Amino acid sequence: MKRCFILGLSVLLVVLTACGRPSPPSTDTPAPSIAPPSEAASQDSIEVETTNPLLLADFASRSIYSGSGKRIGRYGYIVVEKSTLPNFSSKEFSNYFTEFADARVRDSGYNWVSIKFDDGTGFCFTGSSTLVADYGLVDHEGSIIKHEGVCMISSKGKFYFSSDLAQSIPNPTLEQELLVPSNIFEPVPEIIFEVPASENGLKNTPFYAKGSVVSQDDSSMRLWTDYGELYISQVAIPFSEDTLQGHEITVYFLYTGMSTEFGFPCGSYIYHSFL
């Protein structure tokens, strides 16, 4: 009995000694411990997921110097392919432009911020103001050298584009205002005569076109323009009592797509004036 007690005590001492003794070094190199990043570093490293081409483009800035070589400020800019953006008159473009202004322009402190396109045109925000951006031909610094339009902020906080060739109709009725709240009609582009709305992305864009009325009935008219024939129907707003056939007019309409029946573009009538 005494011998068993001594044997058990000896085993216990061996176990306690082994637990207190440092382990032999491992032949494997342990992985270094990585401290968790600070909250500020985590926020800086977060990548915002977006499909906006204006935010996906690399943003750069450069110094501005006076004639004497003194640094007098900085400007920021991006370079982007124009074809990656939707039509300037579309709601999608308005959303993209508004996001860019909020993320890159607002309170940036730059003398100007520019969006430069591959065709030599671009937008330029003067200062850190996000109320308006001029559009036109730009120089290498992104400054406008030939004005062709403007993007302005609306009362709803979204940008809308207006070219220098845009027109408005006089004294719009309530029905006309409901269909075209901005009362801005861009000149009809040649592309709608070449490809359908599913490809050009311009459906429901307000346009105006000048031409000769080749035919007219109670529900539609066909207008011959510089780009080809245009079919205009009175879907929401009726034609006036004027006899239009044979006259030169400017017709204001909402583009609805390519007519499968006639094979040329069509639109919903808004207004017309005689040339």
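At position 58 of the sequence shown the residue is numbered 181 (my numbering), and the sequence of numbers has no breaks. We put the CB at the ideal spot given by N, CA and C, even for glycine. Keep in mind it's a predicted model, so treat the numbers as computed, not measured.
- By the neighbour-count criterion, in which a residue is buried when 16 or more other Cβ atoms sit within 10 angstroms of its Cβ, methionine 275 is exposed.
- Cys389 is the residue among Leu367, Cys389 and Phe397 whose C-alpha sits nearest the C-alpha of glycine 380.
- Taken through DSSP and simplified to helix, strand or coil, arginine 345 comes out as strand.
- Considering only Glu309, Gly196, Pro312 and Ile314, the residue with the shortest C-alpha distance to threonine 249 is Gly196.
- Closest option to asparagine 175, judged by alpha-carbon separation, among Phe211, Pro304, Gly192 and Phe220: Phe220.
- Taken in chain order, the whole alpha helix (DSSP H) runs of length 4 or more contained in the segment 222-275 number zero.
- Per DSSP, leucine 377 is one residue of the beta strand (DSSP E) stretching across 371-381.
- If you draw a 10 Å sphere on the C-beta of valine 337, you find fewer than 16 other C-beta atoms in it, and that means exposed.
- Proline 312 and arginine 194 have their C-alpha atoms some 44 Å from each other.
- Scanning the segment 303-355 for uninterrupted alpha helix (DSSP H) segments of 4 residues or longer gives 320-323, listed from N- to C-terminal end.
- Tyrosine 200 and threonine 253 have their C-alpha atoms spaced approximately 15 Å apart.
- Taking 9 Å as the cut-off, the Cβ atoms of serine 343 and tyrosine 331 do not count as close.
- The segment 362-370 makes no contact with the segment 298-314, as fewer than three CB pairs between them are under 8 Å.
- For proline 176, the enclosing alpha helix (DSSP H) covers residues 176-179.
- Between leucine 377 and asparagine 327, the C-beta gap is smaller than 9 Å, which places the two residues in contact.
- Sequence-distant partners of cysteine 247 (beyond 5 residues in either direction) whose C-beta falls short of 7 Å from its own C-beta, in its chain, are Trp235, Ser237, Ala256, Asp257, Val261, Gly265, Ser266 and Ile267.
- Of the candidates Trp347, Phe282, Gly245 and Gly280, Gly245 places its Cα closest to the Cα of lysine 269.
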